[in-house]
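Chemist: Residue numbers (our numbering): 1 to 116.
Virtual Cβ for every residue (Gly too), placed ideally from N, Cα, C.
These numbers were taken from a predicted model, which means no experiment stands behind them.
Dropping a structure here in structure tokens format, bear with me for questions.
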Amino acid sequence: MEIDCLFCRIVAGQIPATVVRETDTTLAFRDINPQAAVHVLVIPKEHYADVATLTQADPALAGDVLGTAAVVAETEGLLADGFRLIFNTGQFGGQEVFHAHAHVLGGEPLGPMRAR
1 MEIDCLFCRI VAGQIPATVV RETDTTLAFR DINPQAAVHV LVIPKEHYAD VATLTQADPA
61 LAGDVLGTAA VVAETEGLLA DGFRLIFNTG QFGGQEVFHA HAHVLGGEPL GPMRAR
């Protein structure tokens, strides 16, 4: 656990979150600033700064994050119409919390990948 990491503090129960799904290795919870009708964050419980670091260090855990994201999409009713899965990585990628996490977005048309 990184003491100053927001998501590590959520995993530790120090900060409340609306949990959607929890496994031994992952935690999925609603984003407090949703960008779509459904916006759930999926994180590994173990701290990795970003998805690239996570994938290099522990490919099985990266797979767990993807598996949890798929289950979340299903339980949130997103499979029929589709959903978006996003990993923001680094400053230019728009990462705001430096703990690897996936955004599961859906429940409405999402528009283009990137607005200019």
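Taking contact to mean at least 3 C-beta pairs separated by less than 8 Å, is the region 81-92 in contact with the region 15-25?
Modeler: No, the region 81-92 is not in contact with the region 15-25.
Chemist: Quick check: LEU41 and HIS101, are their CB atoms within less than 7 Å of each other?
Modeler: yes
Chemist: According to DSSP, is GLY106 part of a helix, a strand, or is it coil?
Modeler: strand
Chemist: Work out the CA separation of ALA37 and GLU76 for me, nearest whole Å.
Modeler: 10 Å
Chemist: Judging by CA-CA distance, which residue of ALA62, VAL97 and HIS103 is the nearest neighbour of THR25?
Modeler: The residue among ALA62, VAL97 and HIS103 with its C-alpha nearest the C-alpha of THR25 is ALA62.
Chemist: Taking a contact to mean a Cβ-Cβ separation below 7 Å, would you say LEU78 touches GLY106 in this structure?
Modeler: Yes, they are a contact pair.
Chemist: Below 8 Å on the Cβ atoms is my guess for VAL51 versus PHE29; work out the distance and round it to an integer in Å.
Modeler: No, VAL51 and PHE29 are not in contact; Cβ-Cβ is about 18 Å, not under 8 Å.
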